[in-house]
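Below is one structure, written out as structure tokens; comments come after it.
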């Protein structure tokens, strides 16, 4: 099957500012991919390149195997919810749905109405009087009702309270379960996406510092603690991602598949959040990432 | 029908938690042969998790011969889990007790012993056996 998103050497500059530098990313079909990174890392730039709102300065990006927004057919295959889940404040819920129907040839009116009904939205209400959570759900409804193959969402839950956040993600996951829609969703908080994404791309300072299947990433990293020592004795199949020492103790975050047999090390699994934070620190420090291994892509 | 609950602090992968809960429910008789598991959509709607996670759990349960997916109908329990052989349990309990006594006699304290147990458990179940650890 065709990848959801495929970028090669993708870069975007604004004058001298690099918004995105030499990104290689491949998100396989059928995934819910989380795009995580600090504010200003380039998440929005990458997503806007993916929906054709921006043109690359260098490199290529393909979405569902084709150039973003190449023609009307390609536009219909991708649903986009921009940052702040925008709606039209002066239009009612019903008018939003009418507009969606008028603008999208593949519009599924019964799906849109069913969704609005399930959410308990009053169709006569203007968008400006909806709560943040309701507005986000309305924006999601508009994107979902065009029956896209891929949904791209830019920080959809950032401004929502915890309950609205959970409800939004439930709605999103129901869509994935029902229509097998691929998803690329960004957030500056991994905790927002941990439950839903099975593929992860971490952006720091305009670069991809980590990308891969979530389960493989978790299985492939360990935190080792032990008495202070030189870490050059670690097995060759373990790559050191981060190390710290106190006068007596050494802590190392390693990447590698084999078991750690040396009894001096206590090996612990990491949470996804700790893993992402380590790569963020490393990315910020400007250290190059480890080389490609075992089907996980890591790009320096 | 059972409901799933997630423990986010357990450090156990979500799909493994789902598998454990189904196995436990079968073992305790809360799920019997012919009973239906919640659909992926129901689980997703309740827990806000990725449907692939549910499908992965159900695939593993199917591979183990506990459930069968019937296209268009759902996933159904097709087997019961025999309780673990009590003789084997007793035998390993006894050898563990002896091992612990030896370890204490050698001067290891409970933390040492737990560290050894955890390390060897992880090594035994992570090498070659996909995902279980």
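Residue numbers (the working numbering), protein chains in the order written: chain A, 1 to 300; chain B, 1001 to 1133.
All C-beta atoms, glycine included, are put in the ideal place defined by N, C-alpha and C.
None of the values given here were measured: they were computed from a predicted structure.
Query, Result
"On the criterion of 16 or more Cβ atoms from any shown chain inside 10 Å, does residue 107(A) qualify as buried, or is it exposed?", "buried"
"Below 8 Å on the Cβ atoms is my guess for residue 157(A) versus residue 192(A); work out the distance and round it to an integer in Å.", "5 Å"
"Give the residues of chain B in contact with residue 173(A), contact being defined as C-beta atoms less than 8 Å apart.", "1044, 1045, 1048, 1049, 1050 and 1051"
"Which stretch, first to last residue, makes up the beta strand (DSSP E) that contains residue 227(A)?", "221 to 227"
"With DSSP run on the structure shown, which of helix, strand or coil describes residue 1005(B)?", "coil"
"Does the region 164 to 178 of chain A come within contact of the region 1040 to 1055 of chain B, defined as at least 3 CB pairs closer than 8 Å?", "yes"
"Is the shortest distance between the beta-carbon of residue 1041(B) and the beta-carbons of chain A less than 9 Å?", "yes"
"Check residue 34(A) in the structure and name its three-state DSSP category.", "strand"
"Can you list, in chain order, the residues of its chain whose CB lies under 6 Å from that of residue 65(A), leaving out five sequence neighbours each side?", "2"
"Residues in its own chain within less than 6 Å of residue 238(A) by CB, not counting five upstream and five downstream?", "254 and 256"
"Looking at the C-beta of residue 1074(B), does it have a partner C-beta in chain A at a distance below 9 Å?", "no"
"Alpha carbon to alpha carbon, what distance is there between residue 154(A) and residue 82(A)?", "5 Å"
"How about the region 14 to 34 of chain A and the region 46 to 63 of chain A: do they share at least three Cβ pairs that are nearer than 8 Å?", "yes"
"CB residue 242(A) to CB residue 278(A), shorter than 9 Å?", "yes"
"For residue 133(A), does the three-state DSSP call read helix, strand or coil?", "helix"
"Residue 81(A) CB to nearest chain B CB: under 9 Å?", "no"
"Closest to residue 167(A) by CA distance: which of 96(A), 184(A), 141(A) and 39(A) is it?", "141(A)"
"Out of 120(A), 71(A) and 145(A), point me to the one whose CA is closest to residue 133(A)'s CA.", "120(A)"
"Does the Cβ of residue 1109(B) have 16 or more other Cβ atoms within 10 Å, making it buried, or fewer, making it exposed?", "exposed"
"Report the three-state DSSP secondary structure of residue 245(A) (helix, strand or coil).", "strand"
"Less than 7 Å between C-beta atoms, sequence neighbours within five positions excluded: which residues of the same chain meet that for residue 1080(B)?", "1026 and 1033"
"Please report the straight-line C-alpha distance between residue 1069(B) and residue 118(A), rounded to a whole angstrom.", "28 Å"
"Closest Cβ-Cβ distance between residue 1004(B) and chain A: below 9 Å?", "no"
"Kindly indicate which three-state DSSP category residue 199(A) falls into: helix, strand or coil?", "strand"
"Can you grab the Cα-Cα spacing for the pair residue 1078(B) / residue 1063(B), in whole Å?", "12 Å"
"Whole angstroms are fine: how far does the CA of residue 1008(B) sit from the CA of residue 1085(B)?", "32 Å"
"Would you mind working out which of 38(A), 69(A), 39(A) and 222(A) sits nearest residue 53(A), comparing C-alpha positions?", "69(A)"
"Name, please, each residue of chain B whose Cβ falls closer than 7 Å to the Cβ of residue 177(A).", "1040, 1041, 1044 and 1051"
"Nearest-angstrom Cα distance between residue 43(A) and residue 113(A)?", "32 Å"
"Are the C-beta atoms of residue 1015(B) and some chain A residue less than 9 Å apart?", "yes"
"Please go through the same chain and pick out, in chain order, the residues whose beta-carbon is closer than 8 Å to the beta-carbon of residue 201(A), but skip the five residues on each side of it.", "25, 27, 33, 34, 35, 36, 208, 210 and 211"
"Tell me the rounded alpha-carbon separation between residue 281(A) and residue 259(A).", "26 Å"
"Quick one: measure Cβ to Cβ for residue 92(A) and residue 137(A), integer angstroms, because I've assumed they're closer than 8 Å.", "The pair is not a contact, with the Cβ atoms about 15 Å apart (cut-off 8 Å)."
"Expressed to the nearest angstrom, what Euclidean distance is found between the alpha-carbon atoms of residue 1074(B) and residue 78(A)?", "29 Å"
"Given a threshold of 16 other Cβ atoms within 10 Å of its Cβ, counted over all protein chains shown, does residue 88(A) qualify as buried or as exposed?", "exposed"
"Look up residue 232(A) in the DSSP assignment and give the residues it is bridged to.", "In the DSSP output, where bridge partners are listed per residue, residue 232(A) has none listed."
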